[in-house]
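Asks: Counting in the UniProt record's numbering, the sequence shown runs from 1 upward without gaps.
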Amino acid sequence: LITLEITERPKWDNKVQYMLTCIGFAVGLGNVWRFPYLCQIYGGGAFLIPYGIAFVFEGLPLLHMELAIGQRLRMGSVGVWNSISPYLGGLGVASMLVSFLVGLFYNMLLAWILWYFFHSFQSPLPWRDCPLNLNRTGYVSECEKSSPVNYFWYRETLNITPNIETSGPVQWWLVLCLASAWGLVYICFIRGIETIGKAIYVTATFPYLVLTIFLVRSLTLAGATDGLIYLFTPNWETLKNPNVWLDAATQIFFSLSLAFGGLIAFSSYNVQKNNCERDALIVGCVNSFTSIYASIPIFAILGFKANENYNNCQNWNILRLTNSFNIGDENITVENYDVWFNYLNATDPSEVKSLDLKTCNLQTFLDQSVSGTGLAFIVFTEAVINMPGAQVWAVLFFVMLFSLGLSSMFGNLEGVLTPLLDLHIIPSWIPKEIFTGLMCLSSFTVGLLFTLGSGNYWLEIFNSYVGSMPLLIIAFFEIISVVYIYGIDRFNDDIEWMTGRRPNIYWQATWRFISPLMLLVVFVAYVVIEAEKRPTYNTWNPDYVHFPLADVQHYPEWVYVICVLLSVLPVVSIPLVALYKFMGFLNKYIMKRHNPNPYGNELCHGEF
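1) Which one of V545, A531 and I461 has the shortest CA to CA distance from Y537?
2) Whose C-beta lies closer than 7 angstroms to the C-beta of L256 among residues of the same chain, with five residues either side of it excluded?
3) Once DSSP output is grouped into helix, strand and coil, what is the label at D13?
4) Have a look at the DSSP bridge pairing and note the partners of Q508.
5) Since residue 620 is in the beta strand (DSSP E), which residue starts that stretch and which ends it?
6) How many Å lie between S180 and L29 at the Cα?
7) What are the boundary residues of the alpha helix (DSSP H) that includes N326?
8) Anyone know if the C-beta pair for residue 617 and P570 falls short of 7 angstroms?
9) If distances are taken between C-alpha atoms only, which option among E557, Y457, F523 and F397 comes closest to S218?
10) Quick check: the Cα distance between A265 and A294, rounded to an integer number of angstroms?
11) Within 10 angstroms of the Cβ of Q40, are there 16 or more other Cβ atoms? Answer buried if so, exposed if not.
12) So what does DSSP say about T233, is it helix, strand or coil?
13) At the level of alpha carbons, what is the spacing between Y186 and M439?
14) When you compare only the Cα positions, how much space is there between L4 and Y555?
15) If the criterion is Cβ atoms closer than 7 angstroms, does the pair L417 and A204 meet it?
16) Report buried or exposed for E277, applying the criterion of at least 16 other Cβ atoms within 10 angstroms of its Cβ.
17) Within the same chain, show all residues whose beta-carbon is closer than 7 angstroms to that of N412, passing over the 5 residues directly before and after it, in chain order.
18) Is it right to say N342 is buried, meaning 16 or more other beta carbons lie within 10 angstroms of its own, or is it exposed?
19) Please report how far the alpha carbon of N587 lies from the alpha carbon of I574, in whole angstroms.
20) Hey, how far is the Cα of Y486 from the Cα of Y208?
21) Around the C-beta of D247, are 16 or more other C-beta atoms found within 10 angstroms, so that it is buried, or is it exposed?
22) Please classify N307: does DSSP put it in a helix, a strand, or coil?
23) Thinking C-alpha only, which one of R490, F476, G45 and M591 is nearest T238?
24) Give me the Cβ distance between V334 and N311, rounded to the nearest whole Å; I'm assuming they're in contact under 8 angstroms.
25) Would you mind reading off the limits of the alpha helix (DSSP H) that contains Y526?
26) To the nearest angstrom, how far is it from the Cα of I474 to the Cα of I69?
27) Using 8 angstroms as the cut-off, can you tell me whether the region 81 to 95 makes contact with the region 577 to 584, which would need three or more C-beta pairs spanning the two stretches below that distance?
28) Run through DSSP, which three-state label would V27 get?
29) Specify, as a first and last residue, the run of the beta strand (DSSP E) that T539 falls within.
30) Where does the unbroken alpha helix (DSSP H) through Q169 begin, and where does it stop?
31) Please name the residue or residues paired with L132 in a DSSP beta bridge.
32) Return yes when the Cβ of K305 is within less than 7 angstroms of the Cβ of I383, no when it is not.
33) Given this structure, state the Cα-to-Cα distance separating E66 from L258, to the nearest angstrom.
34) Per DSSP, what kind of secondary structure is L452 in: helix, strand or coil?
35) State the DSSP-derived secondary structure class of L417, mapped to helix, strand or coil.
36) Please name the residue in E194, N150, V78 and R34 whose C-alpha comes closest to that of D13.
Below, the structure written as structure tokens:
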């Protein structure tokens, strides 16, 4: 007699916790960093057209599918796909590996945010002015050649090396910040959804409060209107660029955190009689709304910064003209600068030419696009300097970023821990709290790579190659597995049983044909684009002749090999597990053919 011990699967305390957790996982730093950048470089409002199409025909169907399959089977990613077919077990392993690798560098972003948060209480802000040199006879030349915000980011924070081949030492201040970030993640995650459900009330809602405060404040800044006009004025010509459609498809895909396994894990803690279709619509719409809502204050601040740069440029020219020409009692101002310039250039063109005046154009300053860490740690920090109460705005901004990142880390960690628990890999004598701590500690140890002087270069590699092609492959096999292996009719029956109604024609068409086709097209286009060019990266090299412009270099061959491995290794488990299961089946078949009567052969190890 064998006694089976059945452990009751944890459940959410209430529906609000579940929805906030899914929204917190889907809404992350990419909504604040990458979406505004894509709008800026792809024609403002025109980008919303391909983005909306990708949202309707790619994002929502995949989101609904993941929430539904996790809720119905009540397992993590490995358990879900292994139960559909043993040959699909590698699909869950691939999601788990991607979640683990993404969590490694994602928490480094939280460490950087903590570093800036700690410094935001200083008055004046430490990135406002250049530091004095060792002799205290002037400012540090590297800072003078670039800017105080650039210097604080690249030298004071990262202490970055000239290239990726020069590792540099571990930066102790970043190690402390990284340890603090993992410590906070562990505290919030120590008891799984029991503690996540409590922390998410703050981490998922606080960013919206801060965004609203920034929205009100940013709209009162000088030049905010220029930024908003730039955002919402569509440039229809950009829609002819195929990269617009590719980036829109990948943005909505990654923004919703699909194929990480976290959404499947979160929905597995739901009651089975739950309207997962409505949940998918709410989470998806809130995610896209947040991207647009966050873009408004960001573009207002960018407009303010562009006007500041334009006025500074004009004032520099005015000072040069005033010191070189005797213009009497009249003053040259920003408003009458063009009139004075045309007059002086007509009367003494050689003198004007010798002044080497700057070209000041507001549109040029608005066109200066920047994304990711550049937006948070360079553009915004520079804009905050000139805002009244700079310390308050800096603190609010970095607390908001940390809340967004922490919510996303919950999903990444859940995408690793839940499959391991479902597979019973963790020995029963190790408490879940201890195992979670060991996982955070091991992740912190591996993440020390990003605290090196070359750490920022490695983080860009992980971000570009782990969080791109592997997710496309995983999502494609997910939807093929549900529709053509699990069976679309069976899946429809499950949804009808859970929600009380059968999926309509929209879900049927996207699941069966449109979404798989879009994923395949995006994947092929991505591979073609990557194959046509040799990867490059921007370095911060003070010895570069055009410094502070970035020195664009090609990755060394050995680094390029690592890039390829990061793209391939997470998904290698898909064919390997399928091959292993097939070989096991083939071995049993051969054994059965050679030993048709196992009871008559004592050497036979057949199953009874």
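Cβ atoms here follow ideal geometry from the backbone N, Cα and C, with glycine treated the same way.
Replies: Based on what the coordinates show:
1) Reading the sequence shown from its first residue, position 537 is the one you call residue 537. Checking every option, the nearest Cα to that of Y537 belongs to I461.
2) Sequence index remark: in the sequence shown, residue 256 carries index 256 (1-based). Same-chain partners within the cutoff: A26, G59, L63, G284 and N287.
3) On the sequence shown, position 13 is the one that residue 13 refers to. Three-state result, D13: coil.
4) Reading the sequence shown from its first residue, position 508 is the one you call residue 508. Q508 pairs with nothing; no bridge assigned.
5) This structure leaves residue 620 out entirely; the chain is present only between 1 and 608.
6) Residue 180 sits at position 180 when you count from the first residue of the sequence shown. Residue 29 sits at position 29 when you count from the first residue of the sequence shown. Approximately 19 angstroms, taken between the alpha carbons.
7) To locate residue 326, count along the sequence shown from 1; it is residue 326. Secondary structure note for N326: it is in no alpha helix (DSSP H), with a DSSP letter that is neither H nor E.
8) The structure shown does not extend to residue 617, since the chain is modelled only from 1 to 608, so the question has no answer here.
9) Translated into positions along the sequence shown, residue 218 becomes position 218. The residue with the shortest Cα to Cα distance from S218 is F397.
10) Numbered from 1 along the sequence shown, position 265 holds the residue referred to as residue 265. Numbered from 1 along the sequence shown, position 294 holds the residue referred to as residue 294. Rounded to the nearest whole angstrom, the CA to CA distance from A265 to A294 is 28 angstroms.
11) Within the sequence shown, numbered from 1, the residue matching residue 40 stands at position 40. With 16 or more Cβ atoms within 10 Å of its Cβ, Q40 is classed as buried.
12) Taking the first residue of the sequence shown as 1, we reach residue 233 at position 233. Three-state result, T233: coil.
13) For this step, residue 186 is matched to residue 186 along the sequence shown. For this step, residue 439 is matched to residue 439 along the sequence shown. Each residue's alpha carbon lies about 9 angstroms from the other.
14) Against the sequence shown, residue 4 aligns to sequence position 4. Against the sequence shown, residue 555 aligns to sequence position 555. Because the pLDDT at L4 is just 33, under 50, the model does not fix this residue reliably, and the value given afterwards should be weighed accordingly. If you take the alpha carbons of L4 and Y555, they lie about 54 angstroms apart.
15) Along the sequence shown, one-based indexing puts residue 417 at 417. Along the sequence shown, one-based indexing puts residue 204 at 204. Taking 7 angstroms as the cut-off, the Cβ atoms of L417 and A204 do not count as close.
16) Residue mapping note: residue 277 aligns to position 277 of the sequence shown, counting from 1. Its Cβ being crowded by 16 or more others within 10 Å, E277 is buried.
17) Along the sequence shown, read from residue 1 onward, the residue named residue 412 stands at position 412. Excluding sequence neighbours, N412 sits near S99, V102, G103, Y106, F260 and G262.
18) Locating residue 342 in the sequence shown gives position 342, counting from the first residue. Exposed, since its Cβ has fewer than 16 Cβ neighbours within 10 Å.
19) Here residue 587 corresponds to residue number 587 of the sequence shown, with the count starting at 1. Here residue 574 corresponds to residue number 574 of the sequence shown, with the count starting at 1. Looking at the two C-alpha atoms, the distance is approximately 20 angstroms.
20) Locating residue 486 in the sequence shown gives position 486, counting from the first residue. Locating residue 208 in the sequence shown gives position 208, counting from the first residue. Their backbone Cα atoms lie some 39 angstroms apart in a straight line.
21) In the sequence shown, the residue the question calls residue 247 occupies position 247. Looking at its Cβ environment, which holds 16 or more other Cβ atoms inside 10 Å, D247 is buried.
22) Taking the sequence shown and counting its residues from 1, one reaches residue 307 at position 307. DSSP places N307 in helix when its eight states are reduced to three.
23) Taking the first residue of the sequence shown as position 1, residue 238 is located at position 238. Measuring from the Cα of T238, the nearest candidate turns out to be G45.
24) Start at 1 with the first residue of the sequence shown, and residue 334 comes out as number 334. Start at 1 with the first residue of the sequence shown, and residue 311 comes out as number 311. Confirmed, Cβ separation roughly 6 angstroms.
25) Your numbering for residue 526 matches position 526 in the sequence shown. Looking at the DSSP string, the run of the alpha helix (DSSP H) that includes Y526 is S515 to E532.
26) The residue you call residue 474 lines up with position 474 of the sequence shown. The residue you call residue 69 lines up with position 69 of the sequence shown. Taking the straight line joining both Cα atoms gives about 15 angstroms.
27) With contact defined as three or more Cβ pairs closer than 8 angstroms, the region 81 to 95 and the region 577 to 584 are in contact.
28) Locating residue 27 in the sequence shown gives position 27, counting from the first residue. V27 falls in the coil class under three-state DSSP.
29) Counting from 1 along the sequence shown, the entry for residue 539 is found at position 539. T536 to T539 is the span of the beta strand (DSSP E), which, as asked, contains T539.
30) Start at 1 with the first residue of the sequence shown, and residue 169 comes out as number 169. The residue you asked about is not Gln; residue 169 is Pro in the sequence shown. No alpha helix (DSSP H) contains P169, which DSSP labels as neither H nor E.
31) In the sequence shown, counting from the first residue as 1, residue 132 sits at position 132. Answer is Y139.
32) Locating residue 383 in the sequence shown gives position 383, counting from the first residue. Locating residue 305 in the sequence shown gives position 305, counting from the first residue. According to the sequence as given, residue 383 is Ala; it is not Ile. Contact flag set, yes.
33) For the purposes of this step, residue 66 is taken as residue 66 along the sequence shown, with counting starting at 1. For the purposes of this step, residue 258 is taken as residue 258 along the sequence shown, with counting starting at 1. Each residue's alpha carbon lies about 8 angstroms from the other.
34) As a first step, residue 452 must be located in the sequence shown, where it is residue number 452. Strand, per DSSP.
35) Locating residue 417 in the sequence shown gives position 417, counting from the first residue. If DSSP states are grouped into helix, strand and coil, L417 belongs with the helices.
36) The sequence position of residue 13 within the sequence shown is 13, counting from 1. Nearest of E194, N150, V78 and R34 to D13, Cα basis: E194.
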